[in-house]
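Encoded as structure tokens, the structure appears first; notes follow it.
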DNA sequence: TAACCTACCAAACACTTGTTAGGGAACGGT
DNA sequence: ACCGTTCCCTAACAAGTGTTTGGTAGGTTA
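Protein chains in written order, with my numbering: chain A, 1 to 203; chain B, 1001 to 1203.
Written as structure tokens, this is what we have:
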């Protein structure tokens, strides 16, 4: 069932984004491999072959979805990292920025979560592995700085802490729905409160 | 490349477990849909058709992998929940038990993480949805009890807290490797320390 | 030795998959 | 009225998919 009301007069680049948005939605819901090109086309209100007027292949759709997401993500991250904040403030800003990206690119984030691990081995998606390396450097570095500067506890395995913080943020994409009760900023605030101060009541 | 040294004299039920173990390993690494039956058979040192002597279908392998995992999981959970512990102690026991299950059934947990969401809609895998409901009831109930009894903070969205705790535990299956530096119990201890008390240094 | 069972192979089947080639309707510019 | 562009359809293809069928080596039992 596709809802198609527009008088099929949509300029080229916008149509691309529309199609990529629906493709991302289906990929995120069903999984990339489990999603057929025919399913995506059906959701877009056209036939499978017609997609190939806009895109080279199914893989190139996935590529474009993930790369545009990562581009925008790093645009925000780099801004935060260049601001010269303290460790705690950097973590807070990164987490907040992350939830904003989840809000904007929820399907892309969900796809990234599920597929990036075995996609990163393919040469075409090598930038996924690059991004992950950069990601680890930024977060782990900030955490280490926080430990030496006395902002964070020093009795924890720092790599465990890194994975803990990283995962808690990004898995949110699996249940987050835009337009829910909480804004991305509010969710970030509560997440940070839990990660930094814990959920136990202080006595 | 399959390593096969045994003189193909293995009793039936054990052979089943062997095959399911390798299938789970491949499913977890490549994704269920992206994994072909031929790939699993190859990893097991036999041809694709030969798998159908042991199993009805590819889907029934997945079914058996997930259901046996969930059976064992709930065996441990029910034991904890029946012990009549306080909220905090219950959470601690559940987390510890969870990491033990990850240690035992890492591939199954990884598969469950990736596929359960869209599998739960299929009638055959309805038990996945049931398990998730039961899961939420146990964890959320314990957290609520902890809030009213003064063990946990009351200024947080309880459902957000639930998802936070739940996710932080289970995503560990994506990076955990048995035989690593930390035992499941040690990982559980540090995770609990972070979740309960936070990563910030108390001043 | 004969009958039998287990665990696999060899070869094919029906179907789905991503993808392509040619064609045509709608529309704007000239 | 003509041309060109945009965007989609029709119809097919080749490769890969899960699965089935018949057969058989090797061990166990009688």
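Glycine residues also receive a C-beta, built at the ideal position from the N, C-alpha and C atoms.
All values derive from a computational prediction rather than experimental measurement.
Beta-carbon separation of residue 1128 (chain B) and residue 1138 (chain B) under 8 Å? For residue 1128 (chain B) and residue 1138 (chain B), no; Cβs fall outside 8 Å.
Rounded C-alpha distance that separates residue 1025 (chain B) from residue 1162 (chain B): When rounded, the distance between both Cα atoms is 29 Å.
Proximal chain B residues relative to residue 37 (chain A), where beta-carbon distance stays under 9 Å: Simply none; closest approach about 14 Å.
Restricting to runs no shorter than 4 residues, where is the alpha helix (DSSP H) found entirely within the stretch 1144 to 1184 of chain B? List check, alpha helix (DSSP H) in window: 1158 to 1170.
Between the stretch 1160 to 1174 of chain B and the stretch 1062 to 1082 of chain B, are three or more C-beta pairs nearer than 8 Å? The stretch 1160 to 1174 of chain B is not in contact with the stretch 1062 to 1082 of chain B.
Any C-beta of chain B under 8 Å from that of residue 56 (chain A): No, residue 56 (chain A) lies away from the interface with chain B (no Cβ there is under 8 Å from its Cβ).
For residue 1001 (chain B), is the classification buried or exposed, using 16 other Cβ atoms within 10 angstroms of its Cβ as the cut-off for buried? Unreliable placement is indicated for residue 1001 (chain B), whose pLDDT of 33 sits below 50; no coordinate value is reported for it.
Among residues of its own chain, excluding the 5 on either side of residue 115 (chain A), which ones have a beta-carbon nearer than 6 Å to its beta-carbon? Here residue 115 (chain A) has 32 as same chain residues with Cβ atoms under 6 Å from its own Cβ, once five neighbours each way along the sequence are excluded.
For residue 1191 (chain B) and residue 1170 (chain B), the rounded distance between their alpha carbons: Looking at the backbone, the Cα of residue 1170 (chain B) and that of residue 1191 (chain B) are separated by about 11 Å.
Contact set between the stretch 105 to 131 of chain A and chain B, restricted to residues whose Cβ is under 8 Å from the partner: Against chain B - using a Cβ distance shorter than 8 Å - the residues of the stretch 105 to 131 of chain A are 114, 115, 117, 118.
Is there a Cβ from chain B that is less than 8 Å from the Cβ of residue 183 (chain A)? No, no contact with chain B.
Short CB-CB distance (under 8 Å) between residue 201 (chain A) and chain B: At a cut-off of 8 Å between beta carbons, residue 201 (chain A) contacts chain B.
Are the C-beta atoms of residue 195 (chain A) and some chain B residue less than 8 Å apart? Answer yes: the Cβ-Cβ gap between residue 195 (chain A) and chain B drops below 8 Å somewhere.
Tell me, please, which residues DSSP counts as bridged to residue 1200 (chain B). DSSP output for residue 1200 (chain B) lists A:152 as bridge partner(s).
Could you pull out every residue in the same chain whose Cβ sits closer than 7 Å to the Cβ of residue 9 (chain A), ignoring the five residues on either side in sequence? Annotation note: pLDDT 44 at residue 9 (chain A) (below 50); position unreliable, no value reported.
Ordered along the chain, which non-local residues of its own chain (more than five positions away) have a Cβ less than 7 Å from that of residue 1005 (chain B)? Here the model assigns residue 1005 (chain B) a pLDDT of 31, short of 50, so the residue's position is not dependable, and the following value carries that caveat. So no residue of the chain qualifies.
Quick one: which chain B residues come within Cβ less than 8 Å of residue 102 (chain A)? One finds nothing in chain B with a Cβ atom closer than 8 Å to the Cβ of residue 102 (chain A); even the nearest lies about 13 Å away.
Straight-line CA distance for residue 3 (chain A) to residue 149 (chain A)? Only weak support exists for where residue 3 (chain A) lies, its pLDDT of 29 falling under 50; the value from the coordinates is given anyway. Those two C-alpha atoms are separated by around 55 Å.
Check whether the Cβ atoms of residue 1198 (chain B) and residue 197 (chain A) sit closer than 8 Å, and answer yes or no. For residue 1198 (chain B) and residue 197 (chain A), yes; Cβs fall inside 8 Å.
Indicate whether residue 1093 (chain B) and residue 200 (chain A) have their beta-carbon atoms separated by less than 8 Å. The answer is no: Cβ separation not under 8 Å.
Could you tell me which of A:60, A:21, A:172, A:13 sits nearest to residue 98 (chain A), measuring between CA atoms? Here the closest residue by C-alpha is A:172.
Between residue 1171 (chain B) and chain A, is the shortest Cβ-Cβ distance under 8 Å, so that the two count as touching? Closer than 8 Å to some Cβ of chain A, the Cβ of residue 1171 (chain B) qualifies, so yes.
Once the 5 residues before and after residue 243 (chain A) are set aside, which same chain residues still bring their CB inside 8 Å of it? Because residue 243 (chain A) is not part of the residues shown, which for chain A are 1 to 203, the question remains open.
Roughly how far, in whole angstroms, is the beta-carbon of residue 1037 (chain B) from the beta-carbon of residue 1021 (chain B), given that I think they are within contact range, below 8 Å? Actually they do not touch by this definition, with Cβ atoms about 16 Å apart.
Host alpha helix (DSSP H) of residue 1088 (chain B) (start-end): 1087 to 1104 is the extent of the alpha helix (DSSP H) around residue 1088 (chain B).
C-beta neighbour in chain B for residue 157 (chain A), strict 8 Å: Yes, its Cβ sits closer than 8 Å to a Cβ of chain B.
Chain A within 8 Å of residue 1065 (chain B), Cβ atoms only: Interface flag for residue 1065 (chain B) against chain A is unset, since no Cβ pair is found closer than 8 Å.
With a threshold of 8 Å between beta-carbons, can residue 152 (chain A) be considered close to chain B, or not? Interface criterion met: the Cβ of residue 152 (chain A) is under 8 Å from a Cβ in chain B.
So, with DSSP's three-state summary, where would you put residue 141 (chain A)? Residue 141 (chain A) falls in the helix class under three-state DSSP.
Give a yes or no on whether the minimum CB-CB distance between residue 1034 (chain B) and chain A is below 8 Å. Among the CB atoms of chain A, one or more fall inside 8 Å of the CB of residue 1034 (chain B).
Proximal residues of chain B, C-beta to C-beta of residue 168 (chain A) below 7 Å: Annotation: Cβ neighbours of residue 168 (chain A) in chain B (cutoff 7 Å, chain order): 1164, 1167, 1168.
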